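Here's the structure we're looking at; comments come further down.
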Amino acid sequence: MKIAIIGGGIVGALLAYELSHYEVEVILIEKRSDFGQGVTKANSAIVHGGYDDPPGSLRASLCYHGNQLYDELSEKLGVPLKRTGSLVVARDSLDELKKLNELLEKGEKNGVSGIKIVDRSFMEEREPNLSKEFSYALYCPHTGITEPWMVAILAIEAAEKAGAELIKADGVIGGELHFRKVESLVLESGKKVKVDLVINAAGLYYHQIARKFGVRTPPVYLRKGQYILLDHAASKMVNGVIFPLPSEKGKGKLVVPTIDGGVLLGPTSEEISGFDPEDVSTTVSGLMDVIKAGDELIPGIVRSNWIIKSFAGLRPETRSKDFYIRNSDEVSNFVTVGAIRSPGLTAAPAIAHYVIEEILEQRMGLMLGKRKAVLNYRSQMFRVNESSLEEINKKIEEKADYGRIICHCNQVSEAEIIEAIRRGATSIDGVKFRTRAGFGRCQGGFCSWRIAKILSRELNVPLSEVRMNDAGTELFDGEVRV
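The C-terminal residue of the sequence shown carries number 1771 in the numbering used here, and the numbering is unbroken.
Quick look at the structure:
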């Protein structure tokens, strides 16, 4: 059986990885030039606890399960994961205490273990810089942080090693159907891909892909979240994830340490009028709201010389505010995995299991035989900035490029950049998201040019063809003399 997955974000990536454990052919199709570059790259990067989702919803059933699966992904694939724990903070008022207890009850109904309401002394021990306005909190020990794009990239690398076919920079524009069944997909390049089953995991575009095949889905709207990234210096002020009390719009504007030592503030939650999946602009008012909210949780955390980047991400939602995962009534071999809003990152590993076990095997009656032997695909990159001097010296003896630092903010060596390119990076962003070169305080101001030269050399292309990310983002117009 040949299964095509449309969309190389975290959900499509983990579907490809899990399906690689079965006796099927997997084809992963991504319209961008790299994987994990849509919804996956612009979110809070939190592995949520599972206490906030409405009991009985798909979100609730898949979030906590997904949280538990991250330990396995970390062990098997080298997925970055830190269990920081989280606090949902509340003031000493009857109204806020009531909401905190309701959140605890919701978590218990969702089967979440280990959560409890804690007092000020517990909060001060964990977060000494937390505002004194807050007297109580809901504590969740298994909340964590990760790098969503690396989850996608590492899962796809494993799937490819198991035999999956990867197609990048080539979107699906339609297909050939016969008797309510998709027989082939037609790509932008003109290529036709024969298929037995289609899984639509196209992120912001899932409803547009469904429409191309006559598949109906609920109306979709987009919600924007604006963020501010703080320098590593801010990390001394926060230890774990800190949430305000959630509202109807979402989990609120939070403070969260990042996996590489920075701090993230936000997001806002703004419904976009119309449908513009390219609108990732930020606004002064939105960013000021983020700054105000961050300072209310951790007074003094927002300093002008600590702010190094602002950005925005989008997520697709339906009015039900739940995930939309189902096989089509109109087309017999078409499955839609859409409206993956928060906590989609956390739920993604469980979503992959749900699609295979519940949708494909139970509802569609497919007999997917498991492979007898599945290899251990863990292939973690060596990182200079996470290693001891002894380990670094040993690597330099093996390869001198480990001694040449290209990104000084995050201590990324030339050898790491070369490895990233040989593992699939074809652009400056591709290198950035695999190595963290360009994620630091100068945001690539120092290293981008040097990375461009390495890309030119390793890919054997002129500098004028080196791109920031997708086609049309070339850094230089014409020949470059170096």
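Even glycine gets a Cβ: it sits at the ideal position worked out from N, Cα and C. Please read all numbers here as calculations on a predicted model, not as lab measurements.
Look at the beta carbons and you see the region 1760-1771 touching the region 1745-1752: at least three pairs across the two are nearer than 8 Å.
The Cβ-Cβ distance between G1555 and S1524 does not fall below 8 Å.
The Cβ-Cβ distance between I1462 and E1477 falls below 8 Å. According to DSSP, C1696 shares a beta bridge with V1701. Just so you know, the alpha carbons of A1447 and R1592 end up roughly 41 Å apart. In the three-state reduction of the DSSP assignment, Q1357 falls in the helix class, which pools H, G and I. Restricting attention to R1348, K1320, G1575, G1325, the CA atom closest to the CA of A1302 is found in G1325. Counting along the chain, no beta strand (DSSP E) covers V1769, and no H or E run does either.
Of all C-beta pairs linking the region 1624-1635 to the region 1603-1613, three or more are shorter than 8 Å, placing the two stretches in contact.
In the structure shown, E1314 adopts extended strand secondary structure according to DSSP, grouped into three states. G1761 carries a coil assignment under DSSP once its states are collapsed to helix, strand and coil. By the 16-neighbour rule on beta-carbons within 10 angstroms, P1508 is exposed. A residue is called buried when at least 16 other Cβ atoms come within 10 angstroms of its Cβ; R1652 does not meet this threshold and is exposed. Using a Cβ distance threshold of 8 Å, P1343 and G1492 do not count as a contacting pair.
Restricting attention to alpha helix (DSSP H) runs no shorter than 4 residues, the region 1475-1515 encloses them at 1495-1501, ordered along the chain. Considering only R1723, R1730, D1718, G1729, the residue with the shortest C-alpha distance to A1741 is D1718.
Taken through DSSP and simplified to helix, strand or coil, P1437 comes out as helix. Counting only runs of at least 3 residues, the region 1316-1395 fully encloses the following beta strand (DSSP E) elements, listed from N- to C-terminal order: 1375-1380. By the CB criterion at 8 Å, L1358 and I1640 fall outside the cutoff.
Sixteen is the threshold: when 16 or more other Cβ atoms of the shown chains lie within 10 Å of the Cβ of T1625, as they do, the residue is buried. Assignment of V1591 by DSSP, reduced to helix, strand and coil, places it in the coil class. By the Cβ-count criterion, M1439 is buried, with 16 or more other Cβ atoms from all chains shown falling within 10 Å of its own Cβ. Contact between C1736 and I1695 is confirmed by a C-beta separation of about 5 Å, below the 8 Å threshold. Here the C-alpha atom of L1366 lies approximately 28 Å from the C-alpha atom of R1756. Under the Cβ criterion (8 Å, minimum of three pairs), the region 1297-1314 does not count as touching the region 1399-1414. If the five residues before and after P1437 are omitted, its C-beta is found closer than 6 Å to the C-beta atoms of I1299, T1329, A1334, L1634, all from its own chain and listed in chain order.
With 16 or more other CB atoms across the displayed protein chains lying within 10 angstroms of its CB, D1323 is buried. About 28 Å separates the beta carbon of Y1425 from that of L1370, a gap too long to meet the 8 Å contact definition. Under the DSSP assignment, V1461 falls in the beta strand (DSSP E) whose first and last residues are 1461-1466. Looking only at E1705, V1620, L1304, the smallest Cα-Cα distance to V1504 is reached by V1620. The three-state reading of DSSP puts N1674 in helix, counting H, G and I together. The closest CA to that of A1379, considering only P1535, E1647, K1688, D1565, is found on P1535. A residue is called buried when at least 16 other Cβ atoms come within 10 angstroms of its Cβ; G1658 does not meet this threshold and is exposed.
For H1431, the closest C-alpha among the options V1336, V1673, G1734 is that of V1336.
Collapsing the DSSP output to three states places T1625 in a strand. Spanning the alpha carbons of A1522 and E1680 requires a straight line of approximately 25 Å.
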